[in-house]
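S.K.: Have a look at this one before I ask anything.
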Ligand code: SF4
C-alpha cells in the first residue's frame, strides 16, 4: 500500500523551501551512450559546474564505477576521511545503462570514501535515477562539500534547470520522503513515473552503515519502489553532507534514448535473452517468482547458509521460513517487477500491504521491497531468527531508516555471539537481551539506531568498532573477537559461509572494497563442482571473475541476467569455462559495441576492467590500505573457531585431516585437532593470496607492479606516484 | 570407487545417477551431469547405472550473488 501525501503537506513543504541556487542549462544530448558531461555540485558554497569528461578519461575509465573512482580521486587527498567536506559522492550510470531492450540495463554506480572502511567503496543500484540523469545531460553527478542545513538537489532534465534548496520539513525516512517529493514534483499521476529520488533515512545519521535508496515509480502499485546502494555507508556520507534527497525528473524515455549506434543489434541480442528467461526461468532460478531469495533454501541444503554469526551452515527451519514455497506466499506473484524498463528477469519482488508490528510506523500497511537472499540470511538465519514476518519488518525498517541489511545482519549476529559468550552483558547493551533468535531485541536495536540512542549507536558503528570497544572497555579477548568478527577492511561479510571454499575465502578477502561477493562468487565452482582444484586454477578464477564482474559496474549493468539464466549453449561448455557463460559474455561485447560504436572483443573487455580494478587497488594504497594486513580475513571465514563449531562437523574435519593434511586424527585431543586444522587452513589461505597477487600482477605485498600498470595502460603519472615508493 | 567431480567416492552395486544425487543431497533444481563425458538428460537419471570406476561430473550451474 502506498503512502498518500496530502496537498496540505505538499504546500507546507513548498512554503518552507529556501532556494540556495538555481541554474539553467541546455541538456547535452546523449550520443552513443554518453553525454561526456559531469554535473559538479559543491554544497559548501552551492557551486554548480558543468565539466567536460576528457577523452582519455573516457577511454581508461569507461563510465559508472570508473567515472566515480576517477572523480573521487581528483577530489580527495591521501588524508581525506569520510566526513571531510572534500569527500565526494559520485553517481554514474555507465554507457550501456538506459537501453531498454536487454534485461538489467538501468543501474547506477555510487562511489565515495566509506565511514566503515575508511577507503573507497562502490555500490551498484537499480531504480531510475542514473538513466534519467543521463538523459538529462550528465554521465556523472559529483557532489562535494557539506551543506549547513538539510537540502535537496533537483534536476529537471526537460526544462534544463538545477536547483539546490533548503528543505527543512520533509521527512527523512525514505518510504515517506520518496512519496512526498514525487507528489511535490509531479504534475499529475502520469508524471510520477518520470521522477526518481535518491534518499537515505534516520539511522544513516547515527550509524556507519547508511545506505542510499534509489526510487522508481511503480504505476500499478501507485508507489515509489526503493532499490538500495547498500554497502559501505554511503548513506551516512549523504546525511553527513546534509543531503535529504536528490531528485531527477525527465520525461521522454524511449527505446533509443541512449542513442546507440546499432539499435537493431541490441534488439536482436535482447530478444534472445528474453526468450531464455521466458523459457527457462521457471525451471531454473525462478527469479521472476521469488527473486534472489531463491537461494536461501539451497544454501541451507549445501551447508552454506550463515547461522548464528556464521558458526553453522544450515538449519532445519530454513525451508519453512525462507524456502521457495514460503516466499511465494508473501511475495506478490501476479506482476512482472523490473527495476528498469525492459528487464524481463524481473526479480525486484515485493510484499504488499504488510502491516508493521513495531516502531514509529506501527499499524501502517506498507510495500516491502524484497526481501533479497542477503536480507533473509543476514537479518534472519545469521541472527538465529527463522520468521519471515520479522524479516519483512526488519527489511522495511532497514530500507526506510537507510541502513544496509547485510551489515545490520552481520553486526547484530556478532553482538549476539558476544552477548552469548559473556563478552558483553545487559549493562553494555543497555537492557537488550541480545541472544540468537531474539527478534524483539534485534528489532529494538534497529529502532535505537534510527533514534540515535542506546546500544544501537554502538552497534551501528559496525563490527570493527564494536570489537575495539569491547577489547578496550570490557576486557574482551581480542584474538577471539578477531576470529569471530566477520569483517575485512571494516566491511561486514555478506551472507555466505566460506569455510569449505578456499577460493571464496579469497573472493571475500582479496577484494578492493571488502567482503561483498560481487567481485567473485566461487563457492559452487570450487567446493561442489571442484572445477578449480589447484592454487593456479583458483587464482585464475580470482583474476577473471573480479575483472569480468567489474565490467558490469563500468557499464551500468545488472549482474543477474548474466548467469541467473543458463542458455542451452552452456551445456556443451565443459570445465570452468561454463561458469563464464560464454554466450552471455558475447552478448555483452555485442551490446557495448552496438551502443558505443567501438569494436572490442572479450579480451579487451577484461582489459577495460583490469585498468579500473588496478586503479581502485592503487586508490586503496593511497588511502592507507596497504599490504597483506589490508586483506586480512577473520578465521571464521576459513574454519571452525570454537569447539562447538568443530564438533558440529567433526566427521568432516577428521576426514579432511586424514585425506588432505595427511595426519591421522585418531587419538588426538579436540584442541590438537582444532590447531592442526587451523594451521593448515591458514597456510592454504596464505598460499592462495600469494598466487592471486602474482596472477594479478602484484607484488607479494599486494602492490601493483609498475610494469603491470604499464602493460594494462593504467600508468597515469598520479597512479605511478603512489606505487613507486614501494619499489625503491 | 568412482570419480565424483574429480574426487574419490564410494561405489555400490545398483548405483544410479538418481541415487547418487539423493545420497549427496544435491537439491539444486538444475544439474548438468556427464558420465564418462556423455551428457545425461534429466529424464534418464533414474535409469542411468553408475559403474565402478566411472567418471561422474555433476555440475551445479549456480551463479550466486
Ligand atoms: S534482474 Fe532484477 S535487479 Fe537486475 S535489473 Fe532486472 S529487476 Fe533489476
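Protein chains in written order, with this note's numbering: chain C, 328 to 1055; chain L, 2 to 66. Ideal placement from N, C-alpha and C gives every residue a C-beta, glycine not left out. This structure is a prediction, so every number in the text was calculated from the model and none was measured.
Using the DSSP secondary-structure output, state which residues sit across from residue 44 of chain L in a beta bridge.
M.R.: In the DSSP output, where bridge partners are listed per residue, residue 44 of chain L has none listed.
S.K.: Excluding the five sequence neighbours on either side, which residues of its own chain have a C-beta within less than 7 Å of the C-beta of residue 37 of chain L, listed in chain order?
M.R.: The residues are 55, 56.
S.K.: Examine the ligand SF4 and report whether any of its heavy atoms sits within less than 7 Å of the Cβ of residue 675 of chain C.
M.R.: Yes, the Cβ of residue 675 of chain C comes within 7 Å of a heavy atom of the ligand SF4.
S.K.: Can you check whether the CB of residue 817 of chain C is closer than 8 Å to the CB of residue 443 of chain C?
M.R.: It is a contact, given that the beta carbons lie within the stated cut-off.
S.K.: Comparing the CB of residue 420 of chain C with every heavy atom of the ligand SF4, is any distance shorter than 7 Å?
M.R.: No - the ligand SF4 has no heavy atom lying nearer than 7 Å to the Cβ of residue 420 of chain C.
S.K.: What residue ranges within the region 383 to 454 of chain C form continuous beta strand (DSSP E) runs of no fewer than 3 residues, ordered along the chain?
M.R.: Qualifying beta strand (DSSP E) stretches, in chain order: 416 to 419, 435 to 440, 447 to 452.
S.K.: Around the C-beta of residue 727 of chain C, are 16 or more other C-beta atoms found within 10 angstroms, so that it is buried, or is it exposed?
M.R.: Residue 727 of chain C is buried by the Cβ-count criterion.
S.K.: Say yes only if the C-beta of residue 457 of chain C is nearer than 7 Å to one or more non-hydrogen atoms of the ligand SF4, and no if none qualify.
M.R.: No - the ligand SF4 has no heavy atom lying nearer than 7 Å to the Cβ of residue 457 of chain C.
S.K.: What did DSSP end up calling residue 892 of chain C once you bin it into helix, strand or coil?
M.R.: Note: residue 892 of chain C maps to coil in three-state DSSP.
S.K.: Closer than 9 Å, Cβ to any Cβ of chain C: which residues of the region 27 to 38 of chain L, in chain order?
M.R.: Going along the region 27 to 38 of chain L in chain order, one finds 27, 28, 29, 30, 31, 33, 35, 38 with a Cβ nearer than 9 Å to chain C.
S.K.: Taking the alpha carbon of residue 415 of chain C as the reference point, which residue from C/1026, C/567, C/1025, C/532 has its own alpha carbon closest?
M.R.: If we check each option's Cα against that of residue 415 of chain C, C/567 comes out closest.
S.K.: Using DSSP with H/G/I as helix, E/B as strand and the rest coil, what is residue 480 of chain C?
M.R.: Residue state, collapsed to three classes: strand.
S.K.: Determine the chain L residues that contact residue 860 of chain C at a beta-carbon separation under 8 Å, and present them in chain order.
M.R.: Residues of chain L passing the Cβ test: 7.
S.K.: Please report whether the beta-carbon of residue 983 of chain C lies at a distance below 8 Å from any beta-carbon of chain L.
M.R.: So, not an interface residue.
S.K.: Excluding the 5 residues preceding and the 5 following residue 747 of chain C in the sequence, name in chain order all residues of the same chain whose CB lies nearer than 7 Å to its CB.
M.R.: Around residue 747 of chain C: 762, 763.
S.K.: State yes or no: is the beta carbon of residue 18 of chain L nearer than 8 Å to at least one beta carbon in chain C?
M.R.: Output row for residue 18 of chain L: interface = no.
S.K.: Report the neighbours of residue 60 of chain L on chain C: residues whose CB is nearer than 8 Å to its CB, in chain order.
M.R.: 856, 858, 905, listed in chain order.
S.K.: For the putative contact between residue 940 of chain C and residue 1005 of chain C, defined by C-beta atoms under 8 Å, what is the C-beta separation to the nearest angstrom?
M.R.: Not quite, the Cβ-Cβ distance comes to about 31 Å (not below 8 Å), so this is no contact.
S.K.: Which partner residues of residue 639 of chain C appear in the DSSP bridge assignment?
M.R.: Bridge partners of residue 639 of chain C: C/634.
S.K.: With DSSP as the reference, label residue 541 of chain C as helix, strand or coil.
M.R.: Three-state result, residue 541 of chain C: strand.
S.K.: As a quick exercise: from C/386, C/925, C/388, C/362, pick the residue whose alpha carbon is nearest that of residue 378 of chain C.
M.R.: Taking only the C-alpha atoms, the option nearest residue 378 of chain C is C/362.
S.K.: The alpha helix (DSSP H) with residue 1103 of chain C in it runs from where to where?
M.R.: Nothing can be reported for residue 1103 of chain C, as the shown portion of chain C is limited to 328 through 1055.
S.K.: What are the partner residues of residue 364 of chain C, as DSSP defines its beta bridges?
M.R.: According to DSSP, residue 364 of chain C bridges with C/379.
S.K.: With residue 576 of chain C as the anchor, note down where its beta strand (DSSP E) starts and where it stops.
M.R.: Its beta strand (DSSP E) spans residues 570 to 576.
S.K.: Which class does residue 769 of chain C belong to by DSSP, given the choice of helix, strand or coil?
M.R.: Three-state result, residue 769 of chain C: helix.
S.K.: What in chain L is Cβ-close to residue 893 of chain C, meaning under 7 Å?
M.R.: Residues of chain L passing the Cβ test: 31, 62.
S.K.: Residue 897 of chain C touches chain L at which residues, Cβ-Cβ below 9 Å?
M.R.: 33, 62, listed in chain order.
S.K.: For residue 877 of chain C, would you say it is in contact with chain L, using Cβ-to-Cβ distances shorter than 8 Å as the test?
M.R.: No, because no Cβ of chain L sits closer than 8 Å to the Cβ of residue 877 of chain C.
S.K.: Give the secondary structure of residue 678 of chain C by DSSP, where H, G and I count as helix, E and B as strand, and everything else as coil.
M.R.: Residue 678 of chain C falls in the strand class under three-state DSSP.
S.K.: Can the beta-carbon of residue 439 of chain C be found less than 8 Å from the beta-carbon of residue 452 of chain C?
M.R.: Result no, Cβ atoms of residue 439 of chain C and residue 452 of chain C do not sit closer than 8 Å.
S.K.: Could you round the C-beta distance between residue 6 of chain L and residue 53 of chain L to whole angstroms and report it? I think they count as a contact, below 8 Å.
M.R.: With a Cβ gap of about 17 Å, residue 6 of chain L and residue 53 of chain L do not count as contacting.
S.K.: Does any residue of chain L bring its CB to less than 8 Å from the CB of residue 625 of chain C?
M.R.: Cβ-Cβ to chain L under 8 Å: yes for residue 625 of chain C.
S.K.: Roughly how many whole angstroms lie between the Cα atoms of residue 849 of chain C and residue 574 of chain C?
M.R.: Their Cα atoms are separated by approximately 38 Å.
S.K.: Would you kindly work out how many angstroms separate the C-alpha atoms of residue 920 of chain C and residue 467 of chain C, rounded to a whole number?
M.R.: Spanning the two alpha carbons is a distance of roughly 21 Å.
S.K.: How would you call residue 506 of chain C, buried or exposed, if buried means at least 16 neighbouring beta carbons within 10 angstroms?
M.R.: So residue 506 of chain C ends up on the buried side.
S.K.: Restricting to Cα atoms, I'd like to know which of C/496, C/785, C/699, C/1017 is closest to residue 619 of chain C.
M.R.: The option with the nearest alpha carbon to residue 619 of chain C is C/699.
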